[in-house]
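Student:
What follows is the structure, encoded as structure tokens:
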């Protein structure tokens with residue numbers, strides 16, 4: 001890019017694609033502007049020569065395009081499976097609530113029909129055995145070998161017997177040096193029945209709660225009954241009976257909608273349970289076209305709610321706001337700092353051009369593997385269930401690496417050229433599975449970023465780092481290094 005980037009403080013920067021860094025400069029993009037800065041002739045000459053030097057050595061070359069692949073390496077996919085971070089199991093597709101905004105409810109059309117089906121222990125065992133061989137193989141190079149086992153639904157506690165079976169089986173495996181950490185997402189309706197076991201196994205709970213009783217109007221039983229009092233009582237029982245466990249292993253997630261607010265959610269959960277909740281937006285992926293109007297009535301943008309909450313003196317939203325800011329700054333610094341290396345091998349291939357893939361889609365199974373009650377194997381629970389990468393069929397894990405490679409290549413092919421020329425390609429936050437499709441079912445990207453947009457983007461983050469240098473230190477010393 002050719003534009004000078006000016007921060008809120010008036011400092012000028014040039015971005016060097018060659019160095020992947022920002023150069024602080026006192027001069028702007030034209031000689032007359034240099035003169036207006038009251039710089040003497042010698043200094044003007046110096047900066048002109050500096051510009052010539054930088055251009056001659058390619059440091060200001062803005063024609064450097066990323067080398068983008070559309071096909072993954074087979075070993076990469078196999079390595080992801082061998083070094084799996086999370087195995088997520090759909091314990092049942094049955095639920096004792098009928099939340100209006102549920103991703104498996106009436107607003108959406110990209111999931112398998114919910115039939116009250118329970119997961120088969122045999123299918124789970126088959127998948128674990130398949131992964132077990134990979135975990136023990138030379139392809140596993142994980143440092144700590146911590147594997148997160150997630151129990152998902154529906155409401156997982158409606159098939160509690162299976163949860164116990166899975167944990168018993170995992171604990172029977174001979175895996176020296178491996179550690180399993182258990183996580184469960186629950187609406188807490190059945191929580192009181194299983195408290196003792198959950199505590200015994202230190203299962204980390206994520207409790208879904210949208211705030212106060214009035215805020216939970218979309219979370220009702222299938223017959224329309226309001227169950228907030230039952231849920232509240234169960235949570236308080238857990239908190240009182242096992243306070244240390246509650247403090248260490250219990251968190252809350254609230255969904256933002258038109259019947260609550262960030263302020264209301266925070267106030268209620270912080271005051272009642274002394275927890276800072278996670279707050280998520282309604283899922284925008286897979287909304288049924290015929291339900292768009294209903295969805296839009298319920299949908300509230302999180303950033304808008306944060307802006308309204310900033311001026312509220314009765315609460316402290318620093319945790320929520322700071323985490324959001326730090327996460328975004330971390331992405332920015334990781335992407336545009338020329339001296340950051342994400343892996344040890346990067347240090348040994350400094351002269352080789354790195355290869356990238358369109359969008360910010362995770363490589364298959366790099367974060368998790370998700371097993372549905374219908375035996376489908378997906379890379380994530382957040383994408384539509386029409387995109388399985390494999391199946392468990394006739395007692396066998398069917399994962400064809402070549403088919404997976406071809407599938408992703410077909411998704412990437414229509415947008416790879418656009419991604420190459422998008423100036424936000426390094427910090428893209430879009431998953432290819434969430435992009436819209438044209439009439440030919442080809443993926444299209446409406447988020448293309450040009451020179452004006454990228455200049456504003458750079459200026460906003462450089463301004464934050466200028467005004468709050470402590471955030472840069474925090475990210476560099478605590479987040480990136482960790």
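Residue numbers (UniProt numbering): 1 to 482.
Just so you know, even glycine gets a beta-carbon here, dropped at the ideal spot from N, CA and C.
This one's a predicted model, so the numbers in the text were calculated from it and none came from an experiment.
Using the beta-carbon count (16 or more within 10 Å), is residue 155 buried or exposed?
Tutor: The count along the chain shown starts at 1 and reaches residue 155 at position 155. That one is buried.
Student: Can you name, in chain order, every residue of its own chain whose Cβ lies under 7 Å from the Cβ of residue 139, other than the five neighbours on each side?
Tutor: If you number the chain shown from 1, residue 139 lands on position 139. The answer, listed in chain order, is 78, 79, 82.
Student: Using a Cβ-Cβ cutoff of less than 7 Å, which residues in the same chain neighbour residue 101 once the five nearest sequence positions on both sides are dropped?
Tutor: If you number the chain shown from 1, residue 101 lands on position 101. Here the set comprises 107, 218, 255, 257, 282, 298.
Student: Can you tell me where the alpha helix (DSSP H) holding residue 125 begins and where it ends?
Tutor: In the chain shown, residue 125 corresponds to position 125, counting from 1. Here the alpha helix (DSSP H) through residue 125 covers 121-135.
Student: Would residue 134 and residue 189 qualify as a contact pair, given that the criterion is a beta-carbon distance under 7 Å?
Tutor: Taking the first residue of the chain shown as position 1, residue 134 is located at position 134. Taking the first residue of the chain shown as position 1, residue 189 is located at position 189. No, Cβ-Cβ distance for residue 134 and residue 189 is not below 7 Å.
Student: Report the rounded CA-to-CA distance for residue 11 versus residue 452, giving the unit in angstroms.
Tutor: Here residue 11 refers to the residue found at position 11 of the chain shown. Here residue 452 refers to the residue found at position 452 of the chain shown. Rounded to the nearest angstrom, the two C-alpha atoms are 17 Å apart.
Student: What are the boundary residues of the alpha helix (DSSP H) that residue 421 is part of?
Tutor: For the purposes of this step, residue 421 is taken as residue 421 along the chain shown, with counting starting at 1. Start and end: 416-421.
Student: Who does residue 19 pair with in a DSSP beta bridge?
Tutor: For the purposes of this step, residue 19 is identified with residue 19 of the chain shown, where counting begins at 1. Residue 19 is not bridged to any residue.
Student: On the DSSP bridge list, what partners appear for residue 181?
Tutor: If you number the chain shown from 1, residue 181 lands on position 181. 148.
Student: Counting C-beta neighbours from all protein chains within 10 Å, is the total for residue 467 16 or more, i.e. buried, or is it exposed?
Tutor: Translated into positions along the chain shown, residue 467 becomes position 467. Residue 467 should be labelled exposed.
Student: Rounded to whole angstroms, what is the Cα-Cα separation between residue 433 and residue 166?
Tutor: As a first step, residue 433 must be located in the chain shown, where it is residue number 433. As a first step, residue 166 must be located in the chain shown, where it is residue number 166. Whole-angstrom Cα-Cα distance: 30 Å.
Student: How many Å lie between residue 293 and residue 93 at the Cα?
Tutor: The sequence position of residue 293 within the chain shown is 293, counting from 1. The sequence position of residue 93 within the chain shown is 93, counting from 1. Each residue's Cα considered, the two are about 26 Å apart.
Student: At which residues does the beta strand (DSSP E) containing residue 385 begin and terminate?
Tutor: The count along the chain shown starts at 1 and reaches residue 385 at position 385. Segment: none, residue 385 is in no beta strand (DSSP E) and carries neither H nor E.
Student: Strictly by DSSP, which residues pair up with residue 90?
Tutor: Residue 90 sits at position 90 when you count from the first residue of the chain shown. Beta-bridge pairing links residue 90 to 152.
Student: Throw me the rounded Cβ distance for the residue 359 and residue 419 pair, which I believe falls under 8 Å.
Tutor: The residue you call residue 359 lines up with position 359 of the chain shown. The residue you call residue 419 lines up with position 419 of the chain shown. Contact holds; Cβ gap of about 7 Å.
Student: When the Cα atoms are used, what is the spatial distance from residue 136 to residue 470?
Tutor: Here residue 136 corresponds to residue number 136 of the chain shown, with the count starting at 1. Here residue 470 corresponds to residue number 470 of the chain shown, with the count starting at 1. Cα to Cα, the separation comes out at about 42 Å.
Student: Provide the residue span of the alpha helix (DSSP H) that contains residue 82, from first to last.
Tutor: Here residue 82 refers to the residue found at position 82 of the chain shown. Start and end: 74-82.
Student: Given this structure, state the Cα-to-Cα distance separating residue 376 from residue 392, to the nearest angstrom.
Tutor: Against the chain shown, residue 376 aligns to sequence position 376. Against the chain shown, residue 392 aligns to sequence position 392. If you take the alpha carbons of residue 376 and residue 392, they lie about 7 Å apart.
Student: Could you give the residue range of the alpha helix (DSSP H) that holds residue 360?
Tutor: Here residue 360 corresponds to residue number 360 of the chain shown, with the count starting at 1. Premise fails: residue 360 is in no alpha helix (DSSP H) and is neither H nor E.
Student: Whole angstroms are fine: how far does the CA of residue 59 sit from the CA of residue 208?
Tutor: Along the chain shown, one-based indexing puts residue 208 at 208. Along the chain shown, one-based indexing puts residue 59 at 59. Each residue's alpha carbon lies about 51 Å from the other.
Student: For residue 455 versus residue 14, is the C-beta distance shorter than 7 Å?
Tutor: By 1-based counting over the chain shown, the position of residue 455 is 455. By 1-based counting over the chain shown, the position of residue 14 is 14. No, they are not a contact pair.
Student: How close, in whole Å, do the beta carbons of residue 328 and residue 110 come, if the pair is a contact with beta carbons under 8 Å?
Tutor: For the purposes of this step, residue 328 is taken as residue 328 along the chain shown, with counting starting at 1. For the purposes of this step, residue 110 is taken as residue 110 along the chain shown, with counting starting at 1. With a Cβ gap of about 28 Å, residue 328 and residue 110 do not count as contacting.
Student: Here's a check: name, in chain order, each residue in its chain whose Cβ is nearer than 7 Å to the Cβ of residue 429, leaving out the five neighbours to either side.
Tutor: Position 429 of the chain shown, counted from the first residue, corresponds to residue 429. Cβ neighbours of residue 429 beyond the five flanking positions: 360.
Student: Please report how far the alpha carbon of residue 224 lies from the alpha carbon of residue 96, in whole angstroms.
Tutor: The sequence position of residue 224 within the chain shown is 224, counting from 1. The sequence position of residue 96 within the chain shown is 96, counting from 1. Computed Cα separation, rounded: 11 Å.
Student: Hey, could you find the ends of the alpha helix (DSSP H) residue 272 is sitting in?
Tutor: Here residue 272 corresponds to residue number 272 of the chain shown, with the count starting at 1. 262-273 is the extent of the alpha helix (DSSP H) around residue 272.
Student: Who are the near neighbours of residue 104 in its chain, counting only those whose CB is closer than 6 Å to its CB and skipping five residues on each side?
Tutor: Within the chain shown, numbered from 1, the residue matching residue 104 stands at position 104. Answer for residue 104: 111, 114, listed in chain order.
Student: Under a three-way DSSP split, which group does residue 239 fall into?
Tutor: Your numbering for residue 239 matches position 239 in the chain shown. DSSP places residue 239 in helix when its eight states are reduced to three.
Student: Within its chain, find whatever has a CB closer than 8 Å to the CB of residue 171; leave out the 5 residues flanking it on each side and keep chain order.
Tutor: For the purposes of this step, residue 171 is taken as residue 171 along the chain shown, with counting starting at 1. Excluding sequence neighbours, residue 171 sits near 180.
Student: Looking at residue 253: is its Cβ nearer than 7 Å to the Cβ of residue 211?
Tutor: The residue given as residue 253 occupies position 253 in the chain shown. The residue given as residue 211 occupies position 211 in the chain shown. No, they are not a contact pair.
Student: Can you grab the Cα-Cα spacing for the pair residue 275 / residue 266, in whole Å?
Tutor: Working through the chain shown from its first residue, we reach residue 275 at position 275. Working through the chain shown from its first residue, we reach residue 266 at position 266. Their backbone Cα atoms lie some 9 Å apart in a straight line.
Student: If we ignore side chains and look at the alpha-carbon of each, how far apart do residue 362 and residue 182 end up?
Tutor: Working through the chain shown from its first residue, we reach residue 362 at position 362. Working through the chain shown from its first residue, we reach residue 182 at position 182. Rounded to the nearest angstrom, the two C-alpha atoms are 23 Å apart.
Student: Classify residue 372 as buried or exposed, calling it buried when 16 or more other Cβ atoms lie within 10 Å of its own Cβ.
Tutor: Start at 1 with the first residue of the chain shown, and residue 372 comes out as number 372. With 16 or more other Cβ atoms within 10 Å, it is buried.
Student: Specify, as a first and last residue, the run of the beta strand (DSSP E) that residue 495 falls within.
Tutor: In the structure as shown, the chain begins at 1 and stops at 482. Residue 495 is therefore absent and cannot be evaluated.
Student: For residue 197, which of helix, strand or coil comes out of DSSP?
Tutor: Working through the chain shown from its first residue, we reach residue 197 at position 197. Reduced to three states, the DSSP call for residue 197 is helix.
Student: Going by DSSP in three states, residue 464 sits in which element: helix, strand or coil?
Tutor: Translated into positions along the chain shown, residue 464 becomes position 464. Residue state, collapsed to three classes: helix.
Student: Is residue 252 helix, strand or coil by DSSP?
Tutor: Numbered from its first residue, the chain shown carries residue 252 at position 252. Residue 252 falls in the strand class under three-state DSSP.
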